[in-house]
Amino acid sequence: MTLKGLILAGGKGTRLHPCTDITNKHLLPVWDRPMIDWALMHLADLDITDPARIGIVIGDHFGDTIRNYLGPKYQYIEQGPADGIGNAVRIAHSFIQDSPFVVHLGDQIYTESLLRHYQEWQKQDTDIHVMLRWYEHANRHTVVSIKDDRITGLVEKPKEPEEGFVMVGISFYKSKIFSVLQDLNPGHNSEYQLSDAITLALKRGLSISYSILEEEWVDAGTPENLLYASHMIKKWRKEENDI
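For the sequence shown, counting from 1, position 159 maps to 159 in the UniProt record's numbering; every step adds exactly one.
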């Protein structure tokens, strides 16, 4: 079946206050274009360019600014109040239907093509495929435990460890994940966490694989990281002779 793309562009972006007092954080500039354009560019790595195959989840915090910027051609899913990534994916079921799909958080900025990771997922033929990155400040993200080359657990922003493999905000799914999301309970910060859904999926016997993001990556959700993201992309585009 045809692969679909789901970009998550909700949330209040409170860590980027006061910039997000007047706009959606995914419209803030990363180098020479709004943040969300980079997510769309990476979906194009997988030949996901038809707007009918791209769903964009927007919230009630300047969600209309996303719609106004991108235009009516994309498939918009309204989340309302931010209640977690897990629920943002769950409410997209009517758009995804039975198709395989990639979830792309709108604030993930990186310099590597998604194609290798998608091909690895196809090779493994699992229900879920996550992208991982070794990170020095792992406890700021979803930490992934690996044993004998298998994922054994995920913990959302634990106190320990300070470094380790974290789940990057891009992952691939077969539609089986929706049966898990329907039974998901609120977790960290009383939100529906995608990491909890994957943990529940593991308990239910769904298969999961992973690949390692080898090039640069940053979650552009803080002022420091947003600034770094622009420098990172500028350097990358210069090396690629795009500027």
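Virtual Cβ for every residue (Gly too), placed ideally from N, Cα, C.
- In this structure, the beta-carbon distance from Gln108 to Trp217 falls below 9 angstroms.
- With at least 16 other beta carbons inside 10 angstroms of its own, His26 counts as buried.
- The criterion of a C-beta distance shorter than 9 angstroms is not satisfied by Ile233 and Val102.
- Within the same chain, and ignoring the five residues on either side of Ile96 in sequence, the residues whose Cβ sits closer than 8 angstroms to its Cβ are Lys4, Leu6, Gly55, Ser175 and Phe178.
- Counting every other CB atom within 10 Å of its CB across the protein chains shown gives Asn24 a total of 16 or more, marking it as buried.
- Contact annotation: Leu8 and Thr20 have beta-carbon atoms that are not nearer than 9 angstroms.
- Looking at Thr14, Arg53, Leu181 and Phe165, the one whose alpha-carbon comes closest to that of Arg150 is Phe165.
- Positions of the alpha helix (DSSP H) runs, each at least 4 residues long and wholly inside the region 89 to 156, are given as 93 to 96 and 115 to 124 in order along the chain.
- Spanning the alpha carbons of Ala44 and Pro72 requires a straight line of approximately 19 angstroms.
- Excluding its 5 nearest sequence neighbours in each direction, Ala92 has C-beta neighbours in its own chain below 7 angstroms: Leu6, Gly55, Val57 and Ile77, listed in chain order.
- For Lys238, the secondary structure class from DSSP, reduced to helix, strand or coil, is helix.
- Listed as beta-bridge partners of Lys4 by DSSP are Phe101.
- The C-beta distance from Gly59 to Ala82 rounds to 5 angstroms, short enough to fall under 8 angstroms.
- For Pro34 and Gly13, the gap between their C-alpha atoms comes out near 15 angstroms.
- If you look at Asp219, you'll find it in the beta strand (DSSP E) that goes Trp217 to Asp219.
- For secondary structure counted as the alpha helix (DSSP H) over 4 or more consecutive residues, the region 14 to 80 holds these complete runs in sequence order: 35 to 44 and 63 to 70.
- Counting only the Cα atoms, Lys203 lies some 34 angstroms from Asn225.
- It is roughly 6 angstroms from the alpha-carbon of Leu115 to the alpha-carbon of Leu46.
- Cβ contact annotation for Arg90 (same chain, cutoff 6 angstroms, sequence separation greater than five): Leu181, in chain order.
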